[in-house]
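Novice: FYI, in the numbering used here the residues of the sequence shown are 628 to 898. Ideal Cβ positions, reconstructed from N, Cα and C, are used throughout, including at glycine. Starting off with a structure, shown below.
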Amino acid sequence: MDKILRTLICGGQVSLAVIETTELVNSAVEIHKIPCSAARILGGLLTCGAYLASSLKEDGASVSLTVKAKNGDGAVSVSADKNLHIRGYADGSCESTLAGGSLTVVREDGHSQPFVGTCEIFADGISDILDTYFGQSEQIATASSINVLFGEDGKCVSAGGIVMQLLPCADEDNIVLAGTLFEEFKSNFSDKKFDAQTVINTFNAYFSGALTTAFPVYKCNCSERKIRGVLASLGKRELLKICDELGEVKVHCHYCNKDYTYNKTRIEEIF
Ligand SMILES: [Zn+2]
Numbered sequence: 628m629d630k631i632l633r634t635l636i637c638g639g640q641v642s643l644a645v646i647e648t649t650e651l652v653n654s655a656v657e658i659h660k661i662p663c664s665a666a667r668i669l670g671g672l673l674t675c676g677a678y679l680a681s682s683l684k685e686d687g688a689s690v691s692l693t694v695k696a697k698n699g700d701g702a703v704s705v706s707a708d709k710n711l712h713i714r715g716y717a718d719g720s721c722e723s724t725l726a727g728g729s730l731t732v733v734r735e736d737g738h739s740q741p742f743v744g745t746c747e748i749f750a751d752g753i754s755d756i757l758d759t760y761f762g763q764s765e766q767i768a769t770a771s772s773i774n775v776l777f778g779e780d781g782k783c784v785s786a787g788g789i790v791m792q793l794l795p796c797a798d799e800d801n802i803v804l805a806g807t808l809f810e811e812f813k814s815n816f817s818d819k820k821f822d823a824q825t826v827i828n829t830f831n832a833y834f835s836g837a838l839t840t841a842f843p844v845y846k847c848n849c850s851e852r853k854i855r856g857v858l859a860s861l862g863k864r865e866l867l868k869i870c871d872e873l874g875e876v877k878v879h880c881h882y883c884n885k886d887y888t889y890n891k892t893r894i895e896e897i898f
């Protein structure tokens, strides 16, 4: 089962998250049937989305992330909410370099204006992109190592990684220690199949806080009720006009690849 384990390490001055998202990525691969190049980016971004969602506090809070490749060669979008329901899709093959593209993060707490942060992408790795985003847009020193590995059958064999963030109180000694532990993770687990519990056990001696566990799952939040709400806002006359021209009104959900279709009788029912 996918999980996110979070705790404080290094005298309580560094936050550590160990993330396992193999099932999440395989759900996306199964739904979208996209080429490996796009699945790798989508898998990485789903993992980032799960991490960001695990720090949402308010009920109804959500976060969305969009990576746009350079020269419009594809985009990948992920949305996640406080319940750790994560969903995403890739638009285009994303075969060319991401460097020169951008990452935009929109965080909503469910009450006030959303926080929007954008950063330019300087390197192709999803970890580099996440580190740059946190450094530039949220001023949080971050070191992440996220990997998505695929087997020859196109299925994800391992996805996840770690994210370390310095708290404002972090002193020099603990910053150096965190750097050493980060390198230790990279040399032992990066680019290999791993499970979150094994990783957390290796950091056990450096814990200085309680361990929390959360379980991200791939889940779309679209529903018949929501789609009807959107259609109702277009007005009956407009919908019947589309129906006359195309025979039906079709709404496609990018996140779960589901089509909602409405003929004249069903449109009448909405109103
Ligand atoms: Zn959906």
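Taking any heavy atom of ligand 1 as the mark, which residues have a C-beta closer than 6 Å to it, listed down the chain?
Specialist: Result (chain order): Cys847, Cys849, Cys880, Tyr882, Cys883 and Lys885.
Novice: Can you list, in chain order, the residues of its chain with a C-beta nearer than 6 Å to that of Met791? Leave out the 5 residues immediately preceding and following it.
Specialist: So the list reads Val641, Leu643, Ala770, Ala805 and Phe809, once near-sequence residues are dropped.
Novice: Is the segment 833 to 844 touching the segment 628 to 639, taking contact as three or more C-beta pairs under 8 Å?
Specialist: Judged by Cβ distances under 8 Å, the segment 833 to 844 makes contact with the segment 628 to 639, as three or more pairs qualify.
Novice: Measure the CB-CB distance between Cys870 and Lys891 and report whether it falls below 8 Å.
Specialist: For Cys870 and Lys891, yes; Cβs fall inside 8 Å.
Novice: Terminal residues of the continuous beta strand (DSSP E) containing Phe842?
Specialist: Per DSSP, Phe842 belongs to no beta strand (DSSP E) and is neither H nor E.
Novice: Taking 8 Å as the cut-off, decide whether the C-beta atoms of Val694 and Ile668 are in contact.
Specialist: Contact flag set, yes.
Novice: Can you tell which of Asp736, Val743 and Asp751 has the C-alpha that lies nearest to the C-alpha of Gly727?
Specialist: When only C-alpha atoms are compared, the closest one is Asp751.
Novice: Tell me the DSSP secondary structure of Leu838 in three-state form.
Specialist: Leu838: coil per DSSP, three-state reduction.
Novice: Looking only at its chain, what residues have a beta carbon closer than 6 Å to the beta carbon of Arg645, apart from the 5 residues adjacent to it on each side?
Specialist: Looking at the sequence shown, residue 645 is not Arg but Val. Answer for Val645: Leu632, Ile789, Ala823, Val826 and Ile827, listed in chain order.
Novice: CB Ala666 to CB Ala707, shorter than 8 Å?
Specialist: Taking 8 Å as the Cβ cut-off, Ala666 and Ala707 do not qualify as a contacting pair.
Novice: Quick check: what's the CA-CA separation for Asn698 versus Glu657?
Specialist: Between Asn698 and Glu657, the C-alpha separation is close to 28 Å.
Novice: In the DSSP assignment, find the unbroken beta strand (DSSP E) run with Ser642 in it and report its ends.
Specialist: Run containing Ser642: Val641 to Glu647, per the beta strand (DSSP E) assignment.
Novice: Can you check whether the CB of Ile897 is closer than 8 Å to the CB of Arg855?
Specialist: Taking 8 Å as the Cβ cut-off, Arg855 and Ile897 qualify as a contacting pair.
Novice: Which same chain residues, not among the five before or five after Tyr845, have their C-beta less than 7 Å away from its C-beta?
Specialist: Same-chain partners within the cutoff: Leu651, Ser654, Ala655, Ile713 and Arg714.
Novice: Would you mind giving the Cβ-Cβ distance between Ser772 and Ser817, rounded to the nearest angstrom? I have them listed as a contact below 8 Å.
Specialist: About 5 Å; that satisfies the 8 Å criterion.
Novice: Secondary structure at Thr825, three-state DSSP: helix, strand or coil?
Specialist: Three-state DSSP puts Thr825 in a helix.
Novice: Let me confirm a value: Val705 is counted as buried when at least 16 other C-beta atoms fall within 10 Å, else exposed. Which label applies?
Specialist: Buried.
Novice: Thr648 and Gly787: beta carbons closer than 8 Å?
Specialist: For Thr648 and Gly787, yes; Cβs fall inside 8 Å.
Novice: Kindly list the residues whose CB is nearer than 8 Å to the CB of Leu867, restricted to its own chain and excluding five residues on each side of it in sequence; keep chain order.
Specialist: Here the set comprises Lys891 and Ile894.
Novice: Could you check the C-alpha separation between Leu683 and Ser739 for me, to the nearest Å?
Specialist: Straight-line Cα distance between these residues: approximately 14 Å.
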